[in-house]
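Asks:
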Amino acid sequence: AISWLFNGIVQARLWLYRHRIFHDQPLGCLVVVVGNLTVGGTGKTPVVEKFARALRDRGRKVAILSRGYKSKAPPFWKKWWFALTHTEEPPPRIVSDGTRVLLDSEQAGDEPYMLATNLPGVIVLVDKNRVKAGAYAIKKFGCDTLVLDDGFQYLPLKGRLNLLLVDKTNPFGNGHLLPRGILREPIKHLKRASYVFLTKSNGQRDPELEALIKEHNPDADLIECAHRPQYLRRFGTEAHAPNAREPLTFLKGKRVLAFSGIATPESFEKFLRDLGALIVARERYLDHYRYADEDFKELMAMAKAEGAECLVTTEKDAVRIPTNLTWPLPLFYLRLEIDIISGAADFDEAVSRICFPESKR
């Protein structure tokens, strides 16, 4: 019954925007929306990073707009003082001004902080009001391209391109909306996508899934991609330090304690096993889990008890670990990047359509 109610609210909201009772607000620049129909991990952040990097490298002035999920809000007294001394709304939080990362992961949120760290030259802003954040990016930084991270359901700012991500290992769950299923909106809303990214692919086609997507959106190009491990980064080292990185072969035969606080920990652990690691212990925390000192003591005790040679976590988890901790055993995070398996021409076309709006499909 609750799923039916949720569906009704979703449909009503879309109807109000479609019939111009509620209005989207154009900002006079190019807008790219990246999102999904489901809750949970579809591998969105690496796709946002790849797309923003490609746009930056083609000469666009890019800003990523995020709502900063699980980020720490400014203290109440700051909000109160700003409201008392200003007539306008407070500006969005600047995670990166393109040259410096200005907030930590707790203030920014995990994904915005990761994007800011990995994308020099790209502005990263956090605000629930993405229209306000976009206007700020244009006025303060001269941005000409806005990328909405997790913006498929954000209707006040309409995208020129809508990139929809579908987890190939679990596309739509049981087909039901929240809370009975994992869908944020009905499958038929695939029709709003310009491109559909099939993430977490094993390289084998899924004709049934492709047919379902084409049934609802015959015009959308399919881009199949996989998350590929790149290297191991030693925690607490400078980026250019001699021992900062280890090749993936480092894990072969190593006794490893794996820990993570992400939506799909099993996929991370599979990467480690595929690289030859012997996972002697593992610890799974809630998604976006904020680690406490006690957690690290327990992890080290577990690693010692199981004879682990090192600890490995995800990049997303690494940004939540205090850098001042001392680790008796080496701690690494696994760096992943998106690899386009099929549809590379479509990906390049999507980039070209933004960089050169006059180009035709």
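Numbering (the working numbering), first residue to last: 72 to 432.
Here a beta-carbon is modelled for each residue, glycine too, at the ideal position from N, C-alpha and C.
Keep in mind it's a predicted model, so treat the numbers as computed, not measured.
(1) Just the C-alpha distance for His157 and Thr170, rounded to the nearest angstrom, thanks.
(2) Which of the three DSSP states, helix, strand or coil, is assigned to Trp80?
(3) Figure out for me which residue from Asn78, Met373, Gly139 and Lys271 has the closest Cα to the Cα of His359.
(4) How far does the alpha helix (DSSP H) with Glu295 in it extend, from its first residue to its last?
(5) Please confirm whether Glu340 and Ala352 have their CB atoms less than 8 Å apart.
(6) When the Cα of Ala376 is compared with those of Leu405, Val327, Ile412 and Gly414, which residue comes out closest?
(7) With H, G and I counted as helix, E and B as strand and the rest as coil, what does DSSP make of Asp364?
(8) Roughly how many angstroms lie between the CA atoms of Asp410 and Ala297, to the nearest whole one?
(9) State the Cα-Cα distance for the pair His260 and Lys285, rounded to the nearest angstrom.
(10) Measure from the alpha carbon of Thr216 to the alpha carbon of each residue in Pro162, Ala204, Thr240 and Pro257, then state which is nearest.
(11) Under the rule that 16 or more other beta-carbon atoms within 10 Å means buried, what is Arg344, buried or exposed?
(12) Would Phe223 pass as a contact of Asn107 if the rule is Cβ separation under 8 Å?
(13) In angstroms, rounded to a whole number, what distance separates the CA positions of Arg432 and Lys143?
(14) Please report the straight-line C-alpha distance between Pro399 and Pro393, rounded to a whole angstrom.
(15) I need the straight-line Cα distance from Lys262 to Asp128, nearest angstrom please.
(16) Rank Arg164, His94, Gly114 and Asp238 by C-alpha distance to the C-alpha of Thr385 and give the top, closest one.
(17) Thinking just about the alpha-carbon of each residue, which of Glu160, Lys141, Lys149 and Pro117 is nearest to the one in Gln178?
(18) Is it a yes or a no for the segment 224-239 touching the segment 97-104, going by three-plus beta-carbon pairs under 8 Å?
(19) Could you give the DSSP three-state label for Ser74: helix, strand or coil?
(20) Which one or two residues does DSSP pair with Tyr404 in a beta bridge?
(21) Indicate the three-state DSSP secondary structure (helix, strand or coil) for Phe330 in the structure shown.
(22) Using only CA atoms, which one of Val81, Phe306 and Ile350 lies nearest to Thr397?
(23) Identify, in the order they occur along the chain, each residue of the same chain with its Cβ nearer than 6 Å to the Cβ of Glu354, setting aside the five sequence neighbours on each side.
(24) Of all the alpha helix (DSSP H) runs that stay within the bounds of the segment 138-219, which reach a length of 4 or more residues?
(25) If we ignore side chains and look at the alpha-carbon of each, how far apart do Ala123 and Thr240 end up?
(26) Using the Cα positions of Ser74 and Pro163, report the straight-line distance between them to the nearest angstrom.
(27) Hey, quick one: how far does the alpha helix (DSSP H) through Asp419 stretch, first residue to last?
(28) Who are the near neighbours of Ala187 in its chain, counting only those whose CB is closer than 6 Å to its CB and skipping five residues on each side?
(29) Inspect the beta-carbon positions of Ser137 and Gly192 and report whether they are closer than 8 Å.
Replies: Checking against the coordinates, here is how it stands:
(1) For the purposes of this step, residue 157 is taken as residue 86 along the sequence shown, with counting starting at 1. For the purposes of this step, residue 170 is taken as residue 99 along the sequence shown, with counting starting at 1. Cα to Cα, the separation comes out at about 28 Å.
(2) Start at 1 with the first residue of the sequence shown, and residue 80 comes out as number 9. Just to set this straight, residue 80 is Ile in the shown sequence, not Trp. If DSSP states are grouped into helix, strand and coil, Ile80 belongs with the helices.
(3) The residue you call residue 359 lines up with position 288 of the sequence shown. The option with the nearest alpha carbon to His359 is Gly139.
(4) To locate residue 295, count along the sequence shown from 1; it is residue 224. No alpha helix (DSSP H) holds Glu295; the beta strand (DSSP E) holding it covers Asp292 to Arg305.
(5) The sequence position of residue 340 within the sequence shown is 269, counting from 1. The sequence position of residue 352 within the sequence shown is 281, counting from 1. Not closer than 8 Å, so no.
(6) For the purposes of this step, residue 376 is identified with residue 305 of the sequence shown, where counting begins at 1. Measuring from the Cα of Ala376, the nearest candidate turns out to be Val327.
(7) Taking the sequence shown and counting its residues from 1, one reaches residue 364 at position 293. Helix.
(8) Taking the first residue of the sequence shown as position 1, residue 410 is located at position 339. Taking the first residue of the sequence shown as position 1, residue 297 is located at position 226. If you take the alpha carbons of Asp410 and Ala297, they lie about 5 Å apart.
(9) One-based indexing of the sequence shown puts residue 260 at position 189. One-based indexing of the sequence shown puts residue 285 at position 214. Their backbone Cα atoms lie some 12 Å apart in a straight line.
(10) By 1-based counting over the sequence shown, the position of residue 216 is 145. Nearest of Pro162, Ala204, Thr240 and Pro257 to Thr216, Cα basis: Ala204.
(11) As a first step, residue 344 must be located in the sequence shown, where it is residue number 273. Arg344 is exposed by the Cβ-count criterion.
(12) Locating residue 223 in the sequence shown gives position 152, counting from the first residue. Locating residue 107 in the sequence shown gives position 36, counting from the first residue. For Phe223 and Asn107, yes; Cβs fall inside 8 Å.
(13) By one-based count along the sequence shown, residue 432 stands at place 361. By one-based count along the sequence shown, residue 143 stands at place 72. Bear in mind that the predicted position of Arg432 carries a pLDDT of just 45, short of 50, making it unreliable; the figure below should be weighed with that in mind. Going by the C-alpha atoms only, they are around 42 Å apart.
(14) Position 328 of the sequence shown, counted from the first residue, corresponds to residue 399. Position 322 of the sequence shown, counted from the first residue, corresponds to residue 393. Pairing Pro399 with Pro393, the inter-Cα distance amounts to about 15 Å.
(15) On the sequence shown, residue 262 is found 191 positions in, with the first residue counted as 1. On the sequence shown, residue 128 is found 57 positions in, with the first residue counted as 1. Roughly 30 Å separates the two Cα atoms.
(16) Locating residue 385 in the sequence shown gives position 314, where the first residue counts as 1. The candidate whose alpha carbon is nearest that of Thr385 is Gly114.
(17) As a first step, residue 178 is located in the sequence shown; it is residue number 107 there, counting from the start. Per the Cα distances, Lys141.
(18) yes
(19) In the sequence shown, counting from the first residue as 1, residue 74 sits at position 3. Under the three-state reduction of DSSP output, Ser74 falls in the helix class.
(20) Translated into positions along the sequence shown, residue 404 becomes position 333. Tyr404 pairs with Arg304 and Thr384.
(21) Locating residue 330 in the sequence shown gives position 259, counting from the first residue. Secondary structure at Phe330: strand, using DSSP grouped into helix, strand and coil.
(22) The residue labelled residue 397 in the question sits at position 326 within the sequence shown. Residue Phe306 is the option with its Cα nearest to Thr397.
(23) By 1-based counting over the sequence shown, the position of residue 354 is 283. The residues are Phe330.
(24) 147-156, 176-179, 181-189 and 201-212
(25) Numbered from 1 along the sequence shown, position 52 holds the residue referred to as residue 123. Numbered from 1 along the sequence shown, position 169 holds the residue referred to as residue 240. The alpha-carbon atoms of Ala123 and Thr240 are separated by roughly 25 Å.
(26) In the sequence shown, the residue the question calls residue 74 occupies position 3. In the sequence shown, the residue the question calls residue 163 occupies position 92. Going by the C-alpha atoms only, they are around 33 Å apart.
(27) The count along the sequence shown starts at 1 and reaches residue 419 at position 348. Bounds of the alpha helix (DSSP H) holding Asp419 are Ala415 to Cys426.
(28) Residue 187 sits at position 116 when you count from the first residue of the sequence shown. Hits under 6 Å: Val166, Ser167, Val172 and Val195.
(29) For the purposes of this step, residue 137 is identified with residue 66 of the sequence shown, where counting begins at 1. For the purposes of this step, residue 192 is identified with residue 121 of the sequence shown, where counting begins at 1. In this structure, Gly192 does not lie closer than 8 Å to Ser137 by Cβ.
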